[in-house]
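To start, the structure itself, in structure tokens.
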Amino acid sequence: MSQNSQPVPRLDLAPKLRHPLSLWNPLDYLRLLYWVFFFPQALPWYIDTFGGKGFKEAKTGSKRWEWLRQNPIQLQLILQALMLIIVLPILGNRFLVQLGFAVNWSAVVWGVMLGVLFVVFGVVFSDVVWGVVSGIALGVVCGLVWGLVWGLVWGVARGMAHGKAWALLLGVFGGAYGVAFGVVIGWIYGVAFGTAFGTALILAFIRPEDWLFALLFTLLESRNPNRYFPHVTLLPLPNLSSQVANWLRQDWETGKHNINQLLQFTFQSIPVVQAVNRELAETPPELIIYCVAQFADELYDSDSWKHFAFDFQSEIRLDTPAHAAAAGFWYLCEGRPQKAMEAFAVVRELPYGEDMFTFAQILSTFDQARKPAEIATLNLPASPEQPFLQLTAWDAIAALRRVISDVQIVEQSPSKSASDLALKRALGELKDILDGAENIPQSERKLIMNIAQTWQNSLLAITG
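The following block contains the structure:
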């Protein structure tokens with residue numbers, strides 16, 4: 008780092024909250040409303056921090072309800088969402104009525120019901136975060152907008168029906184009035200609905216106001232740019248890509264931390280991915296696989312990882328060592344070890360390339376075995392004597408090799424006691440792998456867990 012360069016700041020974009028939200032604190036309802044519309048990434052963080060884990064593992068509605076009863080933080084969050092969905096549209100529309108606007112209360116009820124339905128749907132079929140965010144957003148917005156829009160539409164329609172235009176059109180044009188009336192009402196409704204829908208799409212997905220605020224803040228703080236990072240806009244923040252690249256050049260570890268903060272708490276994945284791809288393209292070939300492995304293991308948002316492999320193209324790129332290495336790890340993350348072999352074959356001659364090629368080859372062989380007879384006959388290439396990457400994943404592969412040896416005894420030994428003992432050892436190895444999932448790098452964690460779970464189910468069928 009040069010003497011003139013400033014130290015890399017360590018970002019902390021997480022919500023500053025030290026206690027769970029309260030049902031009885033009005034400010035916490037405002038905080039929740041702010042999160043939904045301006046900081047949706049705060050909700051997953053809130054649940055991970057205060058709400059407990061294991062909700063998604065409860066697959067049925069009854070099990071999820073029982074889980075919620077035992078975890079009051081998430082249940083309380085759902086109740087707070089329902090309160091906002093019901094109370095806010097009613098209070099908002101009553102205020103509009105006081106101002107002289109026409110409000111269609113049936114439309115308000117439909118908007119509220121839609122929000123409640125999405126909360127219930129999210130809790131039963133998806134997760135609490137999805138249900139709360141979609142429910143509040145749809146319930147509050149539709150409850151407020153629909154009542155006002157439908158009030159204006161029907162107000163105009165009634166005015167036309169009871170005004171002088173009715174008598175004139177009825178007397179002069181007769182039956183043609185029905186067509187004209189339908190066209191006018193359709194046009195009014197279409198304009199109102201189209202405007203509301205288009206505005207909602209812009210506000211929901213592009214959020215230009217958040218981008219403009221961040222840009223204004225950056226211009227005012229020219230000496231310390233990007234101190235404010237927008238949470239909801241998809242528009243890339245100017246100079247953010249260059250700033251992320253500079254962070255990585257100056258301080259690799261802090262740069263990776265800041266990248267994870269941006270991916271977790273903003274939607275600025277485009278400039279982040281561009282910066283990382285630019286740095287990987289300039290990385291010496293002997294360090295490419297090592298650097299890509301670090302990103303694959305430590306990157307917060309695994310969904311963004313595909314952009315390192317695709318580089319925002321329509322197809323996977325294998326034309327450079329950086330793209331090929333990124334593609335190999337992305338294919339592992341997707342559970343496609345055969346395709347990972349093809350990608351790692353491109354960088355096989357680089358340091359760690361042969362290890363990763365063999366790694367993908369072994370996982371591909373494991374993935375093809377389903378039954379004990381197939382497991383017992385697997386023919387694997389030798390593992391590296393001293394692997395330097397993905398050490399805990401290689402430990403899992405060593406355990407799966409021991410499972411193969413035990414399954415061979417189960418399949419071939421004439422001694423029932425020897426078979427039973429080998430079966431117990433194999434199931435114990437598989438249980439240890441499944442229990443230690445958090446220790447396996449995330450790029451291949453899902454694939455190894457699926458293999459271990461498949462083999463465990465197959466061997467448990469023998470005990471049954």
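For what it's worth, this note's numbering labels the leading residue of the sequence shown as 8, then goes sequentially.
Quick reminder that beta carbons are idealized off the backbone N, C-alpha and C, glycines included.
Quiz item: Who are the Cβ neighbours of A406 in its own chain at under 6 Å, not counting the five residues just before and after it?
Solution: E436, I440
Quiz item: Can you tell me where the alpha helix (DSSP H) with W52 in it begins and where it stops?
Solution: 49 to 53
Quiz item: Exposed or buried, A380, counting other C-beta atoms within 10 Å across all chains shown (16 or more means buried)?
Solution: exposed
Practice problem: Excluding the 5 residues preceding and the 5 following G99 in the sequence, name in chain order all residues of the same chain whose CB lies nearer than 7 Å to its CB. | Solution: For G99, where only same-chain residues beyond five positions count, the Cβ hits under 7 Å are L151.
Quiz item: Closest to P278 by CA distance: which of D402, N464, Q250 is it?
Solution: Q250
Exercise. State the CB to CB distance for the pair A252 and A288, rounded to an integer number of angstroms; the pair is presumed to be in contact (CB under 8 Å).
Key: With a contact defined as Cβ atoms closer than 8 Å, A252 and A288 miss out at about 11 Å.
Quiz item: Hey, would you say G142 sits closer than 8 Å to G118, going by beta carbons?
Solution: no
Quiz item: Ordered along the chain, which non-local residues of its own chain (more than five positions away) have a Cβ less than 8 Å from that of R17?
Solution: T261, H264, N265
Self-check item: For L270, the three-state DSSP class (helix, strand or coil)
Solution: helix
Quiz item: Okay, do the stretch 65 to 85 and the stretch 103 to 113 touch, 3+ Cβ pairs below 8 Å being the bar?
Solution: Verdict: no, contact absent.
Self-check item: Boundaries (first-last residue) of the alpha helix (DSSP H) holding N457
Solution: 449 to 470
Quiz item: What's the C-alpha gap between I5 and Q460?
Solution: This structure cannot speak to residue 5, because the chain is shown only from 8 to 471.
Quiz item: Where does D362 land, buried or exposed, given buried means 16+ other C-beta within 10 angstroms?
Solution: Buried: at least 16 other Cβ atoms inside 10 Å.
Exercise. Report the option in L227, R343, P96, N267 whose CA atom is closest to the CA atom of V115.
Key: P96
Practice problem: Measure the C-alpha to C-alpha separation of P394 and I323 and round it to an integer number of angstroms. | Solution: 27 Å
Exercise. Out of Q397, Y338, Q87, L121, point me to the one whose CA is closest to L37's CA.
Key: Q87
Quiz item: Where does F236 sit, in a helix, a strand or coil, going by DSSP?
Solution: coil
Exercise. Grab the span of the alpha helix (DSSP H) containing S276 for me, first residue to last.
Key: 276 to 289
Quiz item: Just checking my contact of F364 with A376 at CB under 8 Å: how many whole Å lie between their CB atoms?
Solution: Their Cβ separation, rounded to whole angstroms, is 20 Å, which puts F364 and A376 out of contact at 8 Å.
Self-check item: Alpha carbon of I382 to alpha carbon of D402, nearest angstrom
Solution: 18 Å
Practice problem: Check whether the Cβ atoms of V148 and R71 sit closer than 8 Å, and answer yes or no. | Solution: no
Self-check item: Contact under 8 Å by Cβ, L466 with L428
Solution: In this structure, L466 lies away from L428, with their beta-carbon atoms at least 8 Å apart.
Exercise. Would you kindly report the start and end of the unbroken alpha helix (DSSP H) that includes G253?
Key: Inspection of the sequence shows that residue 253 is occupied by Asn rather than by Gly. 247 to 257 is the span of the alpha helix (DSSP H), which, as asked, contains N253.
Quiz item: Leaving out five residues before and five after P391 in sequence, what residues of the same chain have Cβ atoms less than 8 Å from its Cβ?
Solution: Same-chain partners within the cutoff: E361, D362, T365, W401.
Exercise. Name the two residues that bound the continuous alpha helix (DSSP H) containing W474.
Key: Here the chain has residues from 8 to 471 only, and residue 474 is not among them.
Quiz item: Exposed or buried, which one is Y246 when buried takes at least 16 other CB atoms within 10 Å?
Solution: Checking the sequence shown, residue 246 turns out to be Asn, not Tyr. Exposed is the call here.
Quiz item: Distance, Cα to Cα, A332 vs I295?
Solution: 7 Å
Quiz item: Since P27 contacts A49 with CB under 8 Å, what's their CB separation in whole angstroms?
Solution: Incorrect: roughly 13 Å between the Cβ atoms, too far for contact.
Exercise. Buried or exposed for T273, please, with buried defined as at least 16 other CB atoms from any protein chain shown within 10 angstroms of its CB.
Key: Looking at its Cβ environment, which holds 16 or more other Cβ atoms inside 10 Å, T273 is buried.
Practice problem: With a threshold of 7 Å, establish whether the CB of D442 neighbours any heavy atom of the ligand PLP. | Solution: The ligand PLP is not part of this structure, which contains no ligands at all.
Practice problem: Report the three-state DSSP secondary structure of L407 (helix, strand or coil). | Solution: L407: helix per DSSP, three-state reduction.
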